[in-house]
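Peer 1:
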Amino acid sequence: MRLVIMGPPGAGKGTQAVMIAEEYSIPHISTGDIFRKNLKEGTPLGLKAKEYMDKGLLVPDEVVVEIVKDRLVKDDCKDGFLLDGFPRTVAQANALDHVLEDMNMGLDKVINIDVDKDVLIQRAVGRRVCAGCGATYHVRFNPSKKVGECDVCAGKVIQRDDDREETVVKRIEVYLEQTLPLIQYYKSRGLLVSINGEHEIQRVFEDITRAVGSGSE
Ligand code: ADP
Ligand code: AMP
10 MRLVIMGPPG AGKGTQAVMI AEEYSIPHIS TGDIFRKNLK EGTPLGLKAK EYMDKGLLVP
70 DEVVVEIVKD RLVKDDCKDG FLLDGFPRTV AQANALDHVL EDMNMGLDKV INIDVDKDVL
130 IQRAVGRRVC AGCGATYHVR FNPSKKVGEC DVCAGKVIQR DDDREETVVK RIEVYLEQTL
190 PLIQYYKSRG LLVSINGEHE IQRVFEDITR AVGSGSE
């Protein structure tokens with residue numbers, strides 16, 4: 010299964026992506042996670058990405074596209090993958106089409122998670138992540154069992170630098186300007202499935218798997 014999950018910041022992409030990747034036994038490729046990992050390791054890529062991430066802006070297309078290209082040729086993507094947070098611009102979507110064409114592949118579905126703006130801000134501002142393994146929590150909607158400690162690896166649970174309210178508002182603006190056109194892009198190609206992301210986490214997951222199916226039909 011070759012999937013993309015898209016939606017505004019805080020819609021629940023990362024939360025669902027972990028569950029979907031497990032369900033379909035495919036690698037979860039999050040460009041945001043790749044940048045955060047690089048930043049943690051202090052690589053030039055991480056430091057470059059930080060300049061944009063901290064301002065709520067998108068990292069330049071050519072940087073992101075190279076990373077995704079390099080990732081998709083890895084062996085574990087042969088039988089499928091789930092892209093989370095990529096593509097985010099029409100130029101990225103075009104580039105992805107070309108990369109997949111060169112590999113004689115195409116996308117099976119693009120999952121769009123739909124959530125109202127007020128809910129997004131609440132979700133992103135209350136989001137907490139494990140500094141060790143990246144697991145995602147929410148202070149109200151999905152708290153870790155012990156405050157400040159990850160359920161998975163016992164790492165420290167922290168707030169992302171770009172989850173301050175003013176940065177979240179900027180990220181939503183950038184989404185509306187640069188990423189929203191992708192809904193039409195994938196709708197016109199017959200790939201889009203839109204899911205109401207305002208239900209609770211498990212219900213959203215069930216709606217996604219029902220819409221995506223087994224991949225054999
Ligand atoms: P995205 O990857 O789209 O930015 P996340 O998956 O990180 O979003 O989710 C944003 C925040 O909202 C996280 O704190 C997560 O725990 C919480 N969350 C995700 N899905 C739901 C949901 N269906 N209901 C309530 N909270 C949710
Ligand atoms: P995310 O973890 O998906 O919320 O992404 C966090 C930040 O990483 C974004 O606000 C961008 O600055 C950057 N980023 C992640 N994916 C992309 C992408 N496909 N294109 C440009 N920037 C991205």
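Heads up: the sequence shown begins at 10 in my numbering, then just goes up one per residue.
Ideal placement from N, C-alpha and C gives every residue a C-beta, glycine not left out.
#1: If you measure from the CB of residue 151, is any heavy atom of the ligand ADP nearer than 7 Å?
#2: CA-CA distance, residue 163 and residue 123?
#3: Using the C-alpha atoms, what's the distance from residue 30 back to residue 226?
#4: Is the CB-CB distance between residue 49 and residue 94 below 8 Å?
#5: For the stretch 185-220, which segments carrying the alpha helix (DSSP H) assignment without a break, of at least 4 residues, lie completely within its bounds, in sequence order?
#6: Give me, in chain order, the residues of the same chain whose beta-carbon lies closer than 6 Å to that of residue 105; leave out the 5 immediate sequence neighbours on both sides.
#7: Just the C-alpha distance for residue 127 and residue 11, rounded to the nearest angstrom, thanks.
#8: Which runs of the beta strand (DSSP E) fall wholly inside the stretch 33-72 and span at least 3 residues, in chain order?
#9: For residue 136 and residue 41, which I take to be in contact (beta-carbon distance under 8 Å), what is that distance rounded to the nearest angstrom?
#10: Pick helix, strand or coil for residue 226, following the three-state DSSP scheme.
#11: Can you tell me whether residue 171 is buried or exposed, with buried defined as 16 or more other CB within 10 angstroms of its CB?
#12: Since residue 145 is in the beta strand (DSSP E), which residue starts that stretch and which ends it?
#13: Beta-carbon within less than 6 Å of residue 179's beta-carbon, same chain only, minus the 5 sequence neighbours each way: which residues are those?
Peer 2: Based on what the coordinates show:
#1: yes
#2: 32 Å
#3: The pLDDT assigned to residue 226 is 48, lower than 50, so where the model puts this residue is not dependable, and the model offers no usable value.
#4: no
#5: 190-197
#6: 96
#7: 31 Å
#8: 37-39
#9: That belief does not hold up - the Cβ atoms of residue 136 and residue 41 are roughly 12 Å apart, past 8 Å.
#10: Confidence at residue 226 is low in this model, with a pLDDT of 48, below 50, so the placement of that residue should be treated as unreliable; the coordinate-derived value is given next. Three-state DSSP puts residue 226 in coil, outside helix and strand.
#11: buried
#12: 145-147
#13: 65
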